[in-house]
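Numbering (this note's numbering), first residue to last: 17 to 338. Note that the Cβ used here is the ideal one computed from N, Cα and C, for glycine as well. Just so it is clear, the structure is predicted and the values come from calculations on it, not from any experiment. To keep things clear, I will list the structure first and then write my remarks on it.
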């Protein structure tokens with residue numbers, strides 16, 4: 017189905033049927049600082065910026081060099097990759113615990129602003145909140161850091177739910193393991209993991225920052241999904257819905273075959289150098305003609321002009337992405 021046809025479905029069925037599922041690292045944040053240097057993500061920042069011992073930094077780099085090639089190897093089966101990813105992150109969390117990771121390290125990363133959002137992300141989150149669209153951040157990174165970062169940016173709204181690897185700390189703030197039963201990694205970050213996880217934990221799931229919400233109860237009637245990621249693996253985050261607009265941020269470092277795969281998997285492909293502006297335009301296109309909503313573009317525009325939305329001017333735009 018073409019993107020414009022999916023947009024028409026979203027318009028016809030209204031905002032009450034929409035939810036957003038997004039990756040964080042490489043999606044909310046950029047993948048590269050420049051041509052050759054990758055941006056820090058919610059795990060690599062501890063390795064690259066020397067927050068822990070030299071033993072940790074060197075050990076984490078060795079683990080990356082050992083396992084990352086398998087993560088990218090398309091010749092390996094999903095089962096083999098899954099086993100290798102579980103080995104990688106089990107060894108990594110054990111190393112982090114051994115080298116005295118502390119809760120204070122998370123706050124230090126935030127204070128030093130060593131995780132950077134793409135342009136437009138804060139506005140996008142604020143729009144989703146004002147329009148009461150559930151926004152699920154599904155990440156194989158570090159949920160604690162993601163939460164603290166959203167708090168620092170004052171965008172930790174009630175519509176935002178974080179599903180990620182959450183660290184457990186003792187009374188002295190020392191990292192003692194994961195709160196969640198299943199490690200989230202690139203190969204299992206999909207709907208089946210969510211179903212398994214939430215069904216076992218019922219309404220007391222430790223994989224959610226806000227444990228007072230039932231995932232499936234909150235979204236089961238919202239069958240139209242905007243999915244945002246930076247890897248073809250991210251399309252697995254939501255596969256059991258009929259209407260999905262899939263948006264992917266692509267790196268120029270990918271080869272022709274990978275770029276072709278991106279084009280096949282995603283409805284809208286955005287260069288890594290860009291921000292969330294096109295996605296905001298997409299929301300504008302959907303809501304400016306929402307046939308079931310009592311508001312359209314005019315109210316959408318007013319929401320963005322409020323002080324809480326940083327008073328940026330938003331003009332009605334003819335879509336140029338299809």
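Is residue i buried or exposed, if buried means 16 or more other CB atoms sit within 10 Å of its CB?
i	result
residue 17	exposed
residue 255	exposed
residue 106	exposed
residue 32	exposed
residue 276	exposed
residue 53	exposed
residue 125	buried
residue 269	exposed
residue 159	buried
residue 71	exposed
residue 223	Note that residue 223 scores 42 on pLDDT, short of 50, meaning its location in the model is unreliable and no value can be drawn from it.
residue 93	exposed
residue 39	buried
residue 51	exposed
residue 297	buried
residue 187	exposed
residue 90	exposed
residue 279	exposed
residue 127	exposed
residue 196	buried
residue 82	exposed
residue 28	exposed
residue 177	buried
residue 139	buried
Could you tell me how far apart the beta carbons of residue i and residue j are, in whole angstroms, since I believe they sit closer than 8 Å?
i	j	result
residue 13	residue 163	Here the chain covers residues 17 to 338 and nothing more, so residue 13 does not appear.
residue 203	residue 97	5 Å
residue 206	residue 252	4 Å
residue 156	residue 201	5 Å
residue 4	residue 45	With the chain represented from 17 up to 338, any question about residue 4 goes unanswered, as that position is not in the structure.
residue 84	residue 189	About 30 Å separates the two Cβ atoms, so there is no contact after all.
residue 242	residue 265	Actually they do not touch by this definition, with Cβ atoms about 14 Å apart.
residue 22	residue 263	The pair is not a contact, with the Cβ atoms about 11 Å apart (cut-off 8 Å).
residue 48	residue 288	6 Å
How about residue i and residue j: are their beta carbons less than 8 Å apart?
i	j	result
residue 166	residue 116	no
residue 121	residue 62	yes
residue 19	residue 143	no
residue 194	residue 109	yes
residue 245	residue 135	no
residue 302	residue 154	no
residue 149	residue 35	yes
residue 152	residue 131	no
residue 348	residue 237	This structure cannot settle anything about residue 348, because the visible part of the chain is limited to 17 through 338.
residue 191	residue 113	yes
residue 75	residue 111	yes
residue 64	residue 56	yes
residue 161	residue 73	no
Tell me, please, which residues DSSP counts as bridged to residue i.
i	result
residue 177	152
residue 183	194
Which runs of the alpha helix (DSSP H) at least 4 residues long sit entirely within the region 113-137? Give them in chain order. Correct list: 119-127.
4 or more residues per run - each alpha helix (DSSP H) lying fully within the region 19-43: Here the runs fully enclosed are 19-29.
Please give the ranges of any alpha helix (DSSP H) in the region 239-286, keeping only runs that are unbroken, at least 4 residues long and fully inside the region. The qualifying runs are 272-281.
Any chance you could list the alpha helix (DSSP H) runs of at least 4 consecutive residues sitting entirely within the region 42-123, in chain order? Counting only runs of 4 or more, we get 60-64, 70-87, 94-114.
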